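Here the structure comes first, spelled out in C-alpha cells, and everything after it is commentary.
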Amino acid sequence: KTSGNPAFHFIIVYDAKSTWGDNYERAESMSRSIASYFSDKYQIVYAIHRKLCSKRYGGCASVYHAHFVMNSVSYIDGTMLSGNRSELYAFLDYIKQVTGDKSWVTQYGSEKGNGCQGVSDVRAV
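Numbered as in full-length UniProt numbering, the sequence shown ends at 125 without a single skipped number.
Okay, structure coming up:
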C-alpha cells in the first residue's frame, strides 16, 4: 500500500493514579502493553516523557505521557489500518483495561491541549 497516511501517531497521557505517582516502570509497562495491541501486525515505537511537577504550582495530575508512532501498513499482509471509529473505540477499551482507568476519552487534533487528564490523542499524521 502506498497511499493514505503512512504513520499513525497517538499520545497517551497517564493519570498519576494509574502510574502510582511518579513510577516510570509502571508507565513503561503500560506503554509496552498498549503497543502490543498492534505489534502483531504493525511496526510500532513509543517514547515516554516525564513531566516535572512542582507543589509550588499545585502539582500535576499527570506525570508521564507516551507518544506512539505506528506504520499504518501491515508488515504481515500489506493492508492499511482503517482507523475507523469502531476500531479506535475497541483500542480505547483496551487502554482502559491496561490502565485500570475507565474515564478515558478520545480527542482529535484541535481538541487536545485543553487541560484534560486521562486523554488519548488518537490521530493520523
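All C-beta atoms in this analysis are idealised placements derived from N, C-alpha and C, irrespective of residue type, glycine included. These numbers were taken from a predicted model, which means no experiment stands behind them.
Note on geometry: alpha-carbon atoms of histidine 49 and tyrosine 14 lie some 10 Å from one another. Here arginine 32 is not bridged, per DSSP, to any residue. Look at valine 98 here: in three-state DSSP terms it is helix.
In summary, leucine 81 is buried, with 16 or more beta-carbon neighbours lying within 10 Å of its beta-carbon over all protein chains present. Counting only the Cα atoms, tyrosine 75 lies some 15 Å from tyrosine 37.
Burial check for alanine 7: the Cβ neighbour count within 10 Å stays below 16, so the residue is exposed. Membership of methionine 70 in the beta strand (DSSP E) is indicated by the continuous run 64 to 71.
The C-beta of serine 72 has 16 or more other C-beta atoms within 10 Å across all chains shown, which makes the residue buried. Excluding residues up to 5 positions away in sequence, Ala7, His9, Val45 lie with their Cβ nearer than 6 Å to the Cβ of valine 69 in the same chain. Threonine 99 sits close to methionine 30, with the two beta carbons spaced by under 8 Å.
By the CB criterion at 8 Å, alanine 66 and alanine 27 fall inside the cutoff. Taking all protein chains in view, the Cβ of tyrosine 64 is crowded by 16 or more other Cβ atoms within 10 Å, so the residue is classified as buried.
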